[in-house]
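Residue numbers (the working numbering): 150 to 519.
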């Protein structure tokens, strides 16, 4: 039963998300009986989730778990910290739900060849419009701002108490040095940016990715996150297991950090970035037929979630995340510390299915409750 709980919790969250989306944006094709069914599903799912997490938090707060596998936290700190998640995707939310793209950009700006008129470069006459690409890169960049602010506020003690994941304590470093290091990784953002520009401008993406007339499709966003993480899991596992030589040229540099900090997320060799980010990104694009808004929402969530699982501190939401099979900083620290467990990043499902998952509470060098 315990092994099935993450799937049950994920199903409840999915049920609530689907029903809430229909109820908030009802379509003429949805009949009244169907609306009642969606309403009932929303109530049942939300009641289950509130009850489950309420019991878990109360159990840990009352000392019911001598060695909890997630961070107990007060509800206020959780709510304040959780704001970072919608803040990560505020830009695509504004562009779609609040009509930002219609307000700021003429329809002609989305047409092929628009870059030639805007920049005066005839070489762009038959190329896709760079508008979607530019907005996508901007979405990821502005999505990083709330993550950086969140981490700074946590370090400053404004979002509740800090709990280092490892017993040796969090690495000591200058915040601004860490931020500059994070943003200046040539094998991280530079290589990723080059991939995004190249695949977009050379028309290597599926046709759906160049469409903008629909809003964010959250099913596509979820599918992209799942597919990306699964392929990344396979690439990560291969880097460790194919050969020692391949491991040395690809992933070894990232494992210099056995007690990583949040700003170490993209510190990696170029081969590592290609194997674990670029190839999965390209394959995911051809598996999930998303539009430009879903693509940039996925990109913002993926990049910033990947950053936050490298945090040196446990996050206030880790209890809930682990309960539904979502990856946490402590889960990823297990991999950095042991090298042989927890190869996935955003989801725990792949490691659990492959028998390579290890709970942070079973690592002696970790603090209890992370």
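We put the CB at the ideal spot given by N, CA and C, even for glycine.
So residue 458 is in the alpha helix (DSSP H); what residue range does that whole segment cover?
-> DSSP places residue 458 in no alpha helix (DSSP H); its state is neither H nor E.
For residue 381, three-class secondary structure by DSSP = If DSSP states are grouped into helix, strand and coil, residue 381 belongs with the helices.
Given that a residue counts as buried once 16 or more other Cβ atoms are within 10 Å of its Cβ, and exposed if not, what is residue 283?
-> Flag for residue 283 reads exposed.
By Cβ distance below 7 Å, which residues in the same chain neighbour residue 424 in space, the five residues on each side in sequence not counted?
-> 384, 388 and 399.
Does the count of Cβ pairs from the region 349-364 and the region 411-420 closer than 8 Å reach three?
-> Taking a contact to require three or more Cβ pairs closer than 8 Å, the region 349-364 and the region 411-420 do not qualify as touching.
If you follow the alpha helix (DSSP H) that residue 365 is part of, which residue opens it and which one closes it?
-> Here residue 365 belongs to no alpha helix (DSSP H), and DSSP marks it neither H nor E.
Nearest-angstrom Cα separation, counted from residue 461 out to residue 491 = As the crow flies, the alpha-carbon of residue 491 is around 17 Å from that of residue 461.
Name the residue from 316, 422 and 449 whose alpha carbon lies nearest to the alpha carbon of residue 512.
-> From the listed residues 316, 422 and 449, the smallest Cα separation to residue 512 is found for 316.
Apart from the five residues just before and just after residue 488, which ones in its own chain have a Cβ nearer than 8 Å to its Cβ?
-> The answer, listed in chain order, is 389 and 404.
The alpha helix (DSSP H) enclosing residue 484, as first and last residue numbers | Counting along the chain, the alpha helix (DSSP H) containing residue 484 begins and ends at 478-487.
Leaving out five residues before and five after residue 309 in sequence, what residues of the same chain have Cβ atoms less than 6 Å from its Cβ?
-> Annotation for residue 309: 226 place their beta carbon closer than 6 Å to its own, counting only its chain and skipping 5 residues before and after.
List in chain order: all unbroken alpha helix (DSSP H) runs of 4+ residues lying wholly within the region 301-370.
-> List check, alpha helix (DSSP H) in window: 324-332 and 340-350.
Distance between beta carbons of residue 518 and residue 312, contact taken as under 8 Å | Taking the Cβ atoms as the reference, residue 312 lies roughly 7 Å from residue 518, within the contact range of under 8 Å.
Going straight from the alpha carbon of residue 372 to that of residue 451, what length do you get?
-> Looking at the backbone, the Cα of residue 372 and that of residue 451 are separated by about 12 Å.
Which class does residue 507 belong to by DSSP, given the choice of helix, strand or coil?
-> Look at residue 507 here: in three-state DSSP terms it is coil, with no helix or strand label.
Are the beta-carbon atoms of residue 344 and residue 442 separated by less than 9 Å?
-> Residue 442 is positioned such that its CB atom lies no closer than 9 Å to that of residue 344.
Kindly indicate which three-state DSSP category residue 470 falls into: helix, strand or coil?
-> DSSP places residue 470 in helix when its eight states are reduced to three.
Measure the beta-carbon distance from residue 454 to residue 379 and round it to whole angstroms, keeping in mind my assumption that it falls under 8 Å.
-> Your pair residue 454 and residue 379 does not check out as a contact, with CB atoms roughly 15 Å apart and the cut at 8 Å.
With 16 other Cβ atoms within 10 Å as the buried cut-off, status of residue 329 | A residue is called buried once 16 or more other Cβ atoms fall within 10 Å of its Cβ, and residue 329, having fewer, is exposed.
Would DSSP call residue 492 helix, strand or coil?
-> Coil.
Pair within 9 Å by beta-carbon distance, residue 449 and residue 241 | Cβ atoms of residue 449 and residue 241: closer than 9 Å.
Can you list, in chain order, the residues of its chain whose CB lies under 7 Å from that of residue 494, leaving out five sequence neighbours each side?
-> Once the five neighbours on either side are set aside, the close Cβ partners of residue 494 are 378, 381, 455, 458, 476 and 481.
Three CB pairs or more closer than 8 Å across the region 266-277 and the region 243-252 | No, they do not touch.
According to DSSP, is residue 412 helix, strand or coil?
-> Residue state, collapsed to three classes: helix.
Taking the Cβ atom as the reference point for each residue, do residue 237 and residue 463 lie within a distance shorter than 9 Å?
-> With a cutoff of 9 Å on beta-carbon distance, residue 237 and residue 463 are scored as not near each other.
How big is the Cα-Cα spacing for residue 437 and residue 348?
-> Between residue 437 and residue 348, the C-alpha separation is close to 16 Å.
Answer yes or no: do residue 440 and residue 352 have a C-beta to C-beta separation smaller than 9 Å?
-> The Cβ-Cβ distance between residue 440 and residue 352 does not fall below 9 Å.
Put residue 220 into one of helix, strand or coil per three-state DSSP.
-> For residue 220, the pLDDT reaches just 48, beneath the cut-off of 50, and the residue's location in the model is therefore unreliable, although a value from the coordinates is still provided. Residue 220 sits in coil when the DSSP states are folded into three classes, being neither helix nor strand.
Looking only at its own chain, which residues have a Cβ that is under 6 Å from the Cβ of residue 363, when we skip the five neighbours before and after it?
-> Correct list, in chain order: 440.
Enclosing alpha helix (DSSP H) for residue 421 [first to last residue] = Residue 421: member of the alpha helix (DSSP H) spanning 419-422, first to last residue.
Can you give me the start and stop residues for the alpha helix (DSSP H) that residue 434 sits inside?
-> Per DSSP, the unbroken alpha helix (DSSP H) holding residue 434 starts and ends at 428-436.
Select from 272, 278 and 244 the residue whose C-alpha is nearest the C-alpha of residue 258.
-> Measuring from the Cα of residue 258, the nearest candidate turns out to be 278.
Identify every residue that forms a DSSP beta bridge with residue 515.
-> Partner residues in the beta bridge of residue 515, as assigned by DSSP, are 315.
Contact under 9 Å by Cβ, residue 509 with residue 483 | Contact flag set, yes.
Would you tell me roughly how many angstroms separate the C-alpha atoms of residue 501 and residue 296, rounded to the nearest one?
-> The alpha-carbon of residue 501 is positioned some 28 Å away from that of residue 296.
For residue 245, which residues of its own chain have a beta-carbon under 7 Å away from its beta-carbon, when the five flanking residues on both sides are left out?
-> Cβ-Cβ distances below 7 Å link residue 245 to 364, 365 and 442 in the same chain, with the five nearest sequence neighbours on each side left out; the list follows chain order.
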